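In the order they appear, the protein sequences are chains Z and G.
According to our numbering, the stretch in the first sequence is residues -9 to 245, in order.
According to our numbering, the stretch in the second sequence is residues 31 to 106, in order.
First comes the structure, then the notes that go with it.
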Amino acid sequence: MADKILYTRPDSIRDVKSHYCPGCGHGIVHKLIGECLDEMNCREKTILVAPVGCAVLAYNYIDVDGIEAPHGRAPAVATGVKRAQKDKLVISYQGDGDLLAIGTAETIHAANRGENITVIFINNAIYGMTGGQMAPTTMEGQVTKTTPYGRDVHDVGYPIRACELLNTLVAPYYIERVSVHDVPHIVKAKKAIRRALQNQIDGKGYSFIEVLSMCPTNWGVDAQTGADWVRDVMQPYYPLGVFRDKDAEEASRVQ
Amino acid sequence: MKKPLISVEKCKGCGLCIGACPKKILEMSSAFNKQGVNYPKCKDEPSCIGCKFCAMICPDCVIEIVETDEPGGKNG
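Set out below in structure tokens:
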């Protein structure tokens, strides 16, 4: 009898070597998106809007149609794609430099319009692709290339919490923050991504998933220490959980 | 018997799987693959419970979990 495969690479992920560093969270999140697309049988109608950043080549790894947006403009491009092709599943996949620095305006206004898209936000507290400079999400006191003495919040401000920021708007349908530093949290992250994609298919509106992720190379640590750092340092400042769930709000109103 | 199959040539040697394994049966091999990194190996396959944790946390889809009908597994 042949071996039975219990777990393997999802069909939506290409069998190629990625350019991501060892221990990078992008690979895990790509895999979760691939698994969700396979389970929902949506791969053929998905359009992935890739950001500028480490995930710039995401459509080389996730086997779906892709379009590359100018830096920070992924939600604006996704808006256009979704409005022109309403039957497609449009995912805007962005990092923290893309979504919260150069693309803050696009992010907030796409959310404020309640566009029927899914935004996956990878928060690794640093600029990965450009070599480890300070990002808007860099933790207080964190050493980066541009904050060699640690982030001084009196000089450059406090880290931005994207979920809380977007939760002040009326239009977003679903906002959740998850993490991929260990397996139980990866399972929860997959559920959140699946939920966000299903919301779009059901035509409910804007879904935003923030994923706390690791960047061991630019943090200057090994992969496991990076995962522990997400748990010990990032999670207390970026609390996990559902910030907005209009399904639940609706259900409690009916009762 | 359930066991992990590790495609060592694709592995980047981050070691997240070793930390994720609840049975602590994965360890870093002293051998190198073509990328020049050490890769994990399973030191006690019969103890594997097939929980898939190592495969789920692997960022590079290197690990497959398979069930074989070889006898000798401690956990069926």
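C-beta atoms are modelled at their ideal positions from N, C-alpha and C, and glycine is treated no differently.
Note that the structure is predicted; figures quoted are calculated from it, not measured.
Residue burial classification, residue i (beta-carbon count within 10 angstroms, cutoff 16)
| i | result |
| --- | --- |
| Arg234/Z | buried |
| Glu39/G | exposed |
| Pro229/Z | exposed |
| Thr158/Z | exposed |
| Gly106/G | Residue confidence is low: Gly106/G scores 48 on pLDDT, short of 50, so the model does not pin down where it sits. Its coordinate-derived value is still stated next. Burial call: exposed. |
| Lys269/Z | Because chain Z spans -9 through 245 in this model, residue 269/Z falls outside it and cannot be assessed. |
| Gln75/Z | exposed |
| Ala125/Z | buried |
| Asn50/Z | exposed |
| Asp88/Z | buried |
| Ala241/Z | exposed |
| Gly118/Z | buried |
Closer than 9 Å to chain Z by CB, residue i
| i | result |
| --- | --- |
| Met58/G | no |
| Phe83/G | yes |
| Glu97/G | yes |
| Ala61/G | no |
| Ile55/G | no |
| Glu75/G | no |
| Gly45/G | yes |
| Val38/G | no |
| Gly80/G | yes |
| Gly49/G | yes |
Residue-level contact to chain G via CB, residue i, 9 Å cutoff
| i | result |
| --- | --- |
| Lys181/Z | no |
| His140/Z | As written in the sequence, residue 140/Z is Gly, which differs from the His given in the question. It does not: the Cβ of Gly140/Z has no partner Cβ on chain G nearer than 9 Å. |
| Val177/Z | yes |
| Leu38/Z | no |
| His144/Z | no |
| Gln84/Z | no |
| Cys205/Z | no |
| Ile116/Z | no |
Beta-carbon gap between residue i and residue j smaller than 9 Å
| i | j | result |
| --- | --- | --- |
| Ala59/Z | Val42/Z | yes |
| Cys32/Z | Pro89/G | no |
| Gly85/Z | Glu166/Z | no |
| Glu97/G | Lys(-6)/Z | yes |
| Leu46/G | Cys72/G | no |
| Thr136/Z | Cys91/G | no |
| Glu274/Z | Pro149/Z | A question about residue 274/Z goes unanswered here, because the residues of chain Z that appear run from -9 up to 245. |
| Glu96/Z | Ala152/Z | no |
| Ile110/Z | Val177/Z | no |
C-alpha gap between residue i and residue j, whole angstroms
| i | j | result |
| --- | --- | --- |
| Glu34/Z | Gly131/Z | 45 Å |
| Cys205/Z | Glu25/Z | 23 Å |
| Thr108/Z | Asp99/G | 43 Å |
| Asn208/Z | Ile36/G | 27 Å |
| Asp172/Z | Ile87/G | 7 Å |
| Met224/Z | Ala61/G | 34 Å |
| Val220/Z | Leu79/Z | 30 Å |
| Gly195/Z | Leu187/Z | 10 Å |
| Gln245/Z | Leu(-4)/Z | 42 Å |
| Ala101/Z | Ala238/Z | 19 Å |
| Asp53/Z | Ile3/Z | 6 Å |
| Val146/Z | Ala91/Z | 13 Å |
| Pro226/Z | Val168/Z | 13 Å |
| His99/Z | Asp218/Z | 34 Å |
| Lys7/Z | Gln214/Z | 21 Å |
| Leu156/Z | Thr127/Z | 15 Å |
| Gly121/Z | Met31/G | 44 Å |
Range of the contiguous alpha helix (DSSP H) that encloses residue i
| i | result |
| --- | --- |
| Met86/G | 83 to 87 |
| Lys246/Z | What is shown of chain Z runs -9 to 245, which leaves residue 246/Z out entirely. |
| Lys236/Z | 236 to 244 |
| Pro65/Z | 64 to 74 |
| Leu22/Z | 15 to 30 |
Residue i: first and last residue of the uninterrupted beta strand (DSSP E) it sits in
| i | result |
| --- | --- |
| Asp55/Z | 55 to 58 |
| Thr97/Z | Run containing Thr97/Z: none in the beta strand (DSSP E); it sits in the alpha helix (DSSP H), 94 to 103. |
| Thr36/Z | 36 to 40 |
| Gly49/G | Careful: Gly49/G lies outside any beta strand (DSSP E), inside the alpha helix (DSSP H) at 46 to 50. |
| Lys32/G | 32 to 36 |
Any non-hydrogen atom of the ligand NAP within 8 Å of residue i CB
| i | result |
| --- | --- |
| Asn114/Z | The ligand NAP is not among the ligands present in this structure, which contains no ligands whatsoever. |
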